[in-house]
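J.: Chains as they are written, first to last, in our numbering: chain A, 1 to 487; chain B, 1 to 490. Think of the CB as a built atom: it goes at the ideal place given N, C-alpha and C, for glycine as much as any other residue.
Dropping the structure here:
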């Protein structure tokens, strides 16, 4: 069966229009703050984007009715790659980031809601460019929630395949009669969070611009700030608290919030993934706080908790904001944070990483294996949320987890060509693959990725997109079976 | 079914007895070199062990019925712990290692064929060095017995897969008997040891060094005799002999049985062996290229010589050191770091995850792609020409996940020492995989930077967990292991 290229061009057209449309916002910011160079850069990109997009959508062509899984993978990957390549152009044209490779890295980092930056001095950039940089988080977060469930069905494309391609299996079951209704709920909630956080941050003394930037970073679980030292710039316990809470919420499953909306708070308690998520955050916070206090970094337990919980939530939700430089912490606290690199937020959220549901399934698998070895005749099926998990789903989850680890190692080997120390290379890869942002060593929260060569930058950009699209969606394009499925 | 404690006592007595007998060569060595205190301590420990063995034989009896799975696991775990504790006494009693916890660490490191040390000085009495090497050798042999005779019966996924690929040859055309197998393996192991020692003694090193290095390489322990590691001898011949024998001990010992039978076809088609040898070749090539590119070594041949030795040392989980890998470029170090998580073949003396499980892992990932393209396709994971049943695959998956989880959690505990990241992560990998050398502060297999006695105790546990294929130790913490009435039958 041939690939449905007509659908591909149509989606690409739509994407261009959306991208062009969303650049209007930074354009307005540029006009407000009188930044002629950035305004020119945005106009130069917006106009061709809208024109080309319009042409691609309106171009007449025979519409094929069949739409296969392979089309889905291709479309999703191509759209993210395309968006990153085009979104990078304003950075280069405005002179903010001279190298196109670096600009692509920055945009990939934005759209994949990673928050890793190659900019040594963020504050020197113009306001409209910084706005665009953070706005890509918001679009990216929205994209990951929506692309699968809402955008493509409007093209007459069955969305379920894509939902399968982008989201881990067990959690996403149909709740509303139409999948587009679910999507609408998702982005309604996404917008509610955004508005709420902006208001709360402004109460804490931020101006509207800063509040917007940091909200985009939070609800998209991205982590771009417009200040070099991130949230530490504000040095306010209130702002730390608000951002911590919203990061935590954004790392939770939107699907679950929807269930809570319908069935009440007990849905939280019934959800195995949320319980795991909560447990991991609580345990990690406890350990880091104890470590910070015990090693005497912060004399009072309360301030140890403030910085501990912020960093834990920031890493586990794959946001990557920082209110302190955790690279300077005791190795124990750093090691706990490093473990969280492999956790990530819940499924159907804007967070990346392996996701607690997969860890939960793997944990249960280990437990079951121990039981089976001791009592070989016991019947002991794998259960999640009181439902038996089919063997195929479990083995799919195992394959995902192993591919994740494999990419982590391969990426680490490739990036270490730059001859940085092991921890810098591996944590940078873990950070990009999990869409987190900061790493350890030379890529800590107060540093940046500018030390890497172009080759490593490309590898890391690729890993960000791959991690964002749940690995298989991208990697499958590199298999022979994808292009010759019956050959 | 309750645990058969009498039978367990009987087995433990037997093992302690062997341990006691194994102290005799060290005792003779002490007499030969006129080391009074070690001689006295060895004599005491040997007599004590034999007495214990005699007592346990007196109060127990040969098991009448066959042992249960749980009995087997308990015997294995308990014997390793017991031997380590008894084996620590000569270090302590002879005054070589004044702190008891350090003595226990040395002993555990010996029996688990890790080859790590927490001691900073190098000039030990010869008899003590021989005892370290002896524990390495005993540990290597014991793990072979454990894997070949116990594991296939009770099943740890990876070895089941390896067994499915390379089953024991049957001697009598009926069923292979474990005691026959054990005898053959024992002979093989001794044969390898004698060959290694003989070949090494042809070099410029003395007979004592040859003996120690022979014991250390056949058991893939990698005991370092001199600061600076094998570089001390400065001989290509020595490096090659050590490399070859560590490789020989890291391949599936069942293949030797095939070799004896003249079954060359199955050896040639063994997937695990092929992958293992390819890993060594490919990684050595890359590391060699990177080294020659970095300008650390004058000539291309020196770069490749060092690369090959170090790659073999880590992938076989021996942990010999050549040159100073700490100065190596990032790419080479990253490759070596990955090797910590591969290890040698199953049913060998090497540790870590093992090649066969890595192969299954790759096949699982590749099936993931097929499943995503053709969700309804039925595709089994194949090894050679055989399908692997899905319970075996899920057992392998559980093992690898548990290995990863154990690794990360241990790293968190060891990070309490507040050493740098590279040291902590590589030290944990080195201990869990029984390699015994890492990067940073532990580059020469010296774990003395971990000064906290509690952490030393924890490191001993990590080594034991890694050596006994994780589950054997973890079972001890499962309630239903001790009390079958508590099986959750929901």
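Quick one: does residue 167 of chain A have its CB under 9 Å from some CB of chain B?
T.: The pLDDT assigned to residue 167 of chain A is 41, lower than 50, so where the model puts this residue is not dependable; a value taken from the coordinates is nonetheless given after this. Residue 167 of chain A does not count as touching chain B.
J.: Where do the ends of the alpha helix (DSSP H) carrying residue 492 of chain A lie?
T.: In the structure displayed, chain A extends from 1 to 487; residue 492 of chain A sits before or after that span and is not available.
J.: What are the boundary residues of the beta strand (DSSP E) that residue 386 of chain B is part of?
T.: Note, residue 386 of chain B: beta strand (DSSP E), 386-388.
J.: Could you check what DSSP says for residue 383 of chain A in three-state terms: helix, strand or coil?
T.: Looking at residue 383 of chain A - three-state DSSP - the assignment turns out to be strand.
J.: Which residues in the same chain as residue 389 of chain A place their Cβ atom closer than 7 Å to its Cβ, once the five residues preceding and following it in sequence are excluded?
T.: Hits under 7 Å: 170, 361, 382 and 383.
J.: Mind checking residue 352 of chain B: buried by the 16 CB within 10 Å criterion, or exposed?
T.: The residue is buried, with at least 16 neighbouring Cβ atoms inside 10 Å.
J.: Any idea what DSSP makes of residue 101 of chain B, helix, strand or coil?
T.: Residue 101 of chain B falls in the helix class under three-state DSSP.
J.: Would you give the residue range spanned by the alpha helix (DSSP H) that residue 212 of chain B belongs to?
T.: Note, residue 212 of chain B: alpha helix (DSSP H), 207-218.
J.: Return the CA-CA distance between residue 357 of chain B and residue 260 of chain B, expressed in angstroms with no decimal places.
T.: Cα-Cα distance, rounded: 26 Å.
J.: Please classify residue 42 of chain A as buried or exposed, where buried requires at least 16 other C-beta atoms within 10 Å of its C-beta.
T.: With 16 or more Cβ atoms within 10 Å of its Cβ, residue 42 of chain A is classed as buried.
J.: If we call anything under 9 Å between Cβ atoms a contact, is residue 49 of chain A one with residue 86 of chain A?
T.: A contact, by the Cβ cut-off of 9 Å.
J.: Looking at chain B, which residues of the region 416-438 of chain A have a Cβ within less than 9 Å of any of its Cβ atoms?
T.: Hits within the stretch, in order: 416, 417, 418, 419, 420, 421, 422, 423, 424, 425, 426 and 427.
J.: Excluding five sequence neighbours on each side, which residues of the same chain lie with their C-beta closer than 8 Å to the C-beta of residue 322 of chain B?
T.: Counting only Cβ-Cβ distances below 8 Å, and skipping sequence neighbours, we find 229, 230, 231, 239, 306, 309, 310 and 313.
J.: Straight-line CA distance for residue 208 of chain B to residue 319 of chain B?
T.: Computed Cα separation, rounded: 20 Å.
J.: Assign residue 474 of chain A to buried or exposed, taking buried as 16 or more other Cβ atoms, counted over all protein chains shown, within 10 Å of its Cβ.
T.: Buried, by the Cβ-count rule.
J.: Specify the secondary structure class of residue 263 of chain B as computed by DSSP and reduced to three states.
T.: Correct three-state label for residue 263 of chain B: coil.
J.: In whole angstroms, what separates the C-alpha of residue 37 of chain B from that of residue 27 of chain B?
T.: The straight-line gap from Cα to Cα measures roughly 10 Å.
J.: Give the residues from the region 91-122 of chain A that approach chain B closer than 8 Å (Cβ to any Cβ), ordered along the chain.
T.: Result list empty, no residue passes.
J.: Looking only at its chain, what residues have a beta carbon closer than 7 Å to the beta carbon of residue 71 of chain B, apart from the 5 residues adjacent to it on each side?
T.: Once the five neighbours on either side are set aside, the close Cβ partners of residue 71 of chain B are 3, 4, 7 and 8.
J.: Cα-Cα, which of A/55, A/7, A/308 and A/47 is closest to residue 70 of chain A?
T.: Checking every option, the nearest Cα to that of residue 70 of chain A belongs to A/7.
J.: Spell out whether any CB of chain B is found under 9 Å from the CB atom of residue 368 of chain A.
T.: For residue 368 of chain A, the answer is yes, since a Cβ of chain B falls inside 9 Å of its Cβ.
J.: List, from N- to C-terminal side, the alpha helix (DSSP H) runs of 4 residues or more that fit wholly inside the region 382-420 of chain A.
T.: Whole alpha helix (DSSP H) segments, 4+ residues: 391-415.
J.: Residues in its own chain within less than 7 Å of residue 340 of chain A by CB, not counting five upstream and five downstream?
T.: Excluding residues within five positions, the ones whose Cβ falls inside 7 Å are 284, 312, 315 and 316.
J.: Ends of the alpha helix (DSSP H) at residue 473 of chain B?
T.: Taken as a continuous stretch (DSSP letters only), the alpha helix (DSSP H) holding residue 473 of chain B covers 471-475.
J.: For residue 328 of chain A and chain B, any beta-carbon pair shorter than 9 Å?
T.: False, the Cβ-Cβ gap to chain B never drops below 9 Å.
J.: Name, please, each residue of chain B whose Cβ falls closer than 8 Å to the Cβ of residue 485 of chain A.
T.: By Cβ distance, chain B contributes 373 and 374.
J.: Find out if the Cβ-Cβ distance for the pair residue 245 of chain B, residue 199 of chain B is shorter than 9 Å.
T.: Taking 9 Å as the Cβ cut-off, residue 245 of chain B and residue 199 of chain B qualify as a contacting pair.
J.: Quick check on this structure: which residue in A/129, A/104, A/90 and A/143 has the alpha carbon closest to the alpha carbon of residue 468 of chain A?
T.: Comparing Cα-Cα distances from residue 468 of chain A to each of A/129, A/104, A/90 and A/143, the minimum goes to A/143.
J.: Looking at chain A, is there any beta carbon in it that lies within less than 9 Å of the beta carbon of residue 417 of chain B?
T.: For residue 417 of chain B, the answer is yes, since a Cβ of chain A falls inside 9 Å of its Cβ.
J.: Can you name, in chain order, every residue of its own chain whose Cβ lies under 8 Å from the Cβ of residue 273 of chain B, other than the five neighbours on each side?
T.: Cβ neighbours of residue 273 of chain B beyond the five flanking positions: 251, 252, 255, 267 and 345.
J.: Hey, would you say residue 310 of chain A sits closer than 9 Å to residue 323 of chain A, going by beta carbons?
T.: The answer is yes: Cβ separation under 9 Å.
J.: Below 9 Å between beta carbons is the criterion; list the residues of the region 331-347 of chain A that meet it against any residue of chain B, in chain order.
T.: Listed by position along the chain: 331, 332, 333, 334, 335, 336, 338, 339 and 342.
J.: Of all the residues that make up the region 277-298 of chain B, which are near chain A by a beta-carbon distance shorter than 8 Å?
T.: Per Cβ criterion, the list is empty.
J.: Using the C-alpha atoms, what's the distance from residue 327 of chain B back to residue 339 of chain B?
T.: Their backbone Cα atoms lie some 18 Å apart in a straight line.
J.: For a cutoff of 9 Å on Cβ pairs, would you count residue 482 of chain A as touching chain B?
T.: It does; some Cβ of chain B falls within 9 Å.
J.: What number of angstroms, rounded off, separates the C-alpha of residue 298 of chain A from the C-alpha of residue 290 of chain A?
T.: Answer to the nearest angstrom: the Cα atoms are 10 Å apart.
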